[in-house]
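Undergrad: The sequence shown begins at 44 in this note's numbering and counts up one residue at a time.
Got a structure here, written out as structure tokens. Questions coming.
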Amino acid sequence: MSNEFADKGDKIIYETEAKGFNPGLIVLLVIGGLLITFLVGNYILYSYAQKTLPPRKKKPGDKIIYETEAKGFNPGLIVLLVIGGLLITFLVGNYILYSYAQKTLPPRKKKPVSKKKMKRERLKQGVSAPGE
């Protein structure tokens with residue numbers, strides 16, 4: 044069984060076993076946390092509406108006006124909590140991914156300096172290049 048890359052002379056690099064958290068798992072956990080926060084927020088809003096709003100009886104042409112006292116949580120507070128939960132989940136997930144990347148990824152490689160730039164630097168420092 045031959046490899047199509049081996050025929051071209053390319054190097055085959057085998058990845059070693061990763062240490063630490065799997066980035067795919069972290070992304071899945073963050074998305075799951077966002078989804079759960081969204082669903083819980085919607086459930087709270089739905090249960091709040093079920094408790095506070097009276098059942099609707101519609102008749103054609105009737106205007107229905109209900110005056111009820113607010114019971115339970117403030118809907119604005121619930122929305123604020125849901126958005127805050129989403130934001131905190133997002134920030135914590137990004138921090139976990141950042142710290143994981145800092146531990147596992149190799150440092151960035153610097154761009155190779157061209158011979159022309161090296162020559163310029165040597166001239167600035169007062170060292171003449173060999174052969175000049």
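Using N, Cα and C, we set each Cβ at its ideal position, and we do this for glycine too.
#1: Mind pulling the alpha helix (DSSP H) runs of 4 or more residues that sit fully within the region 114-167?
#2: Among Gly84, Leu77 and Lys159, whose alpha-carbon lies nearest the alpha-carbon of Ile131?
#3: For Leu88 and Leu148, I'd like the C-alpha separation in whole angstroms.
#4: Is it true that the region 142-158 meets the region 63-72, where meeting means three or more beta-carbon pairs spaced less than 8 Å apart?
#5: Can the beta-carbon of Gly84 be found less than 8 Å from the beta-carbon of Ile121?
#6: Smallest Cα separation from Pro118: which of Ser90, Leu129 and Val156?
#7: Report the rounded CA-to-CA distance for Gly136 versus Leu82, giving the unit in angstroms.
#8: Measure how close the beta-carbons of Val125 and Thr80 come, nearest whole angstrom, since I'm counting them as under 8 Å.
TA: In this structure, then:
#1: 118-147
#2: Leu77
#3: 43 Å
#4: yes
#5: yes
#6: Ser90
#7: 19 Å
#8: 6 Å
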